[in-house]
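In this note's numbering, the protein residues as written are 21 to 613. Contents: one structure, followed by commentary.
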């Protein structure tokens, strides 16, 4: 289980609010609100949840277990059924944020955190309140909040009690709506809602890190000052995000997991406009699992300069009205290519029913129905191995041993000889896969779904990157094109850093304002060559803080036979009337690469 660094907020949803009524746990508790009475009938236990053997000196686990046992025995509302499954998650530690712009410190703070969540499922493994998007209820986030740090045991039990109460009420309401939805529609195929998996016990020693706040304030200010050398950039920021903490997960099935980890992210963001007013922006995030993995200041400054120079190139770049021909995706762009065209299409295969008429928000991805079919080229293999900690000495951000549902991580052979062989599975079954393969992942307050860990793309045959560029020019020459297109960075499938590669001499000329069109899934099958050089791309996979998870893609650069490119439809904005004050009156000169 790994903590993501995008999800740092207090979750104040309806379950949390409704949970904070009545009295804290002390004997029988009666809470009024929401759907009615929620009664903990402690004197009349109705079930016997499994009891994990955690370290006895762990007071956090003790509080989690005591409240979990109480919830499983007595959480009832009038004559409605109690939960068949309850799980608690607690993450505690320290977080820090340091930010600077143009050499000046903007923010510097360090504070402790304790995040708490409750999962309550009502019904049965076959049919329960999950996998359904009910109107007015949050489908993608779990009831959660923050606990006090004083007197862990009593305050943590209070938080768990209130969250459980609210989650139980919402589970009952969702289950009722889901049953009504099913009865009104002709649904011929219904899968179980939750797979039965073997309970796991895993207790890592608590190992936390610390931060040299003053030292990193200095370093971040120095990194932000790099952008002073680039007058084409209007706005720039450098930030450090640091988290170290311990996560605990306990379920009524008997799973108990404890693990510690440290996440360090150094981020650069730049924003400006081209001469015609078109907005140009880019960002780069570098992720490390320990201070020992963070490179020297010189290396970080080089990364900042590379980003700034790339944006400066785009500002002065030309546009392309239309292009149909080969495209070379280099390094990070190749990883983004595989993320969008493959990973996204085999993640979260279950989808969900939606109460909203005509809503397709939660449809399963397209490749779920293509198991055994060709989705890529035969000379590329795709393996996901979350257990891999490093690749050729580089730390992998997507490493984990146990997923966010308490299932051990598994190595997956996703694509064999071009054919789709597996899917990312959580405990939400589909027709093709009825059990989890240890890829049920989410941000702390998110609902786990089948997600990426460490994707390794390996070519059976490869050439050097220089030879790959020669192949690009050769194919363009065959098509009587004056240039090919090289992409080095993307946002999704939108090129951020792209270049013309002249057929005559291989010269690179920056481009801006490009979009791919008519992409579909064909480009995965149109890859004609790959490089020997491999690139490690560490990133957060997902569209928002609620869904993003740490991930890694290790991939070669690739040459795609044919793609269509058009000029962006984004509209330019008015340029500032005055120059950036720092550069006003100074001689305008582009920084050297």
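Just so it is clear, CB atoms sit at the ideal spot from N, CA and C, and this is done for glycine as well.
A straight line joining the alpha-carbon of residue 409 with that of residue 554 spans about 16 Å. Per DSSP, residue 85 is one residue of the alpha helix (DSSP H) stretching across 79-94.
The DSSP-derived three-state label of residue 330 is helix. DSSP assignment within the segment 273-300 yields the following whole beta strand (DSSP E) runs of 3 residues or more, N-terminal first: 276-293.
Remark: C-beta atoms of residue 263 and residue 275 do not approach each other more closely than 8 Å.
Here residue 593 has 293, 297, 299 as same chain residues with Cβ atoms under 7 Å from its own Cβ, once five neighbours each way along the sequence are excluded.
As summarised for the segment 442-507, the continuous alpha helix (DSSP H) elements at least 4 residues long and confined to that stretch are 485-498, given in chain order.
Residue environment for residue 499: exposed (fewer than 16 other C-beta atoms within 10 angstroms of its C-beta). For the 8 Å CB-CB criterion, residue 361 and residue 391 do not form a contact.
Around the beta carbon of residue 146, fewer than 16 other beta carbons sit within 10 angstroms, so the residue counts as exposed.
Its Cα nearest to that of residue 506, the residue 521 stands out among 495, 521, 85. Only residues of its own chain outside the window of five on either side were considered, and among them 403, 441, 442 have a CB closer than 7 Å to the CB of residue 433, listed in chain order. In the structure shown, residue 257 falls within a strand segment according to DSSP collapsed to helix, strand and coil. Runs of the beta strand (DSSP E) lying entirely within the segment 523-600 and spanning at least 3 residues, in chain order: 528-531, 534-537, 547-561, 569-587. DSSP places residue 118 inside the beta strand (DSSP E), whose first and last residues are 103-121.
For residue 418, the secondary structure class from DSSP, reduced to helix, strand or coil, is coil. According to DSSP, residue pairing for residue 428 in a beta bridge involves 422. Looking at the DSSP output, residue 342 shares a beta bridge with 586. In the displayed model, residue 354 falls within a helix according to three-state DSSP. Counted as a single uninterrupted DSSP element, the beta strand (DSSP E) harbouring residue 124 occupies residues 124-142. Annotation for residue 587: 339, 340, 341, 342, 533, 534, 535 place their beta carbon closer than 8 Å to its own, counting only its chain and skipping 5 residues before and after. By the neighbour-count criterion, in which a residue is buried when 16 or more other Cβ atoms sit within 10 angstroms of its Cβ, residue 112 is buried.
A straight-line Cα-Cα distance of about 18 Å links residue 125 and residue 115.
Taking a C-beta distance under 8 Å as the contact criterion, residue 417 and residue 570 qualify as a contact pair. When the beta-carbon positions are compared, residue 386 and residue 368 stay at least 8 Å from each other. When the alpha-carbon of residue 397 is set against those of 358, 496, 332, the nearest one is in 358. Within the DSSP secondary-structure output, residue 401 pairs in a beta bridge with 478.
Under the DSSP assignment, residue 222 falls in the beta strand (DSSP E) whose first and last residues are 221-223. Residue 389 sits exposed, since fewer than 16 C-beta atoms from the chains shown fall within 10 Å of its C-beta. With contacts defined by Cβ atoms closer than 8 Å, residue 277 and residue 422 form a contacting pair.
The criterion of a C-beta distance shorter than 8 Å is satisfied by residue 376 and residue 155.
Annotation: residue 86 to residue 226 spans about 22 Å, alpha carbon to alpha carbon. For the set 175, 301, 335, the Cα lying nearest the Cα of residue 514 is the one of 301. Buried is the label assigned to residue 489, since at least 16 other Cβ atoms lie within 10 Å of its Cβ. Annotation for residue 409: no alpha helix (DSSP H) segment contains it, and DSSP assigns it neither H nor E.
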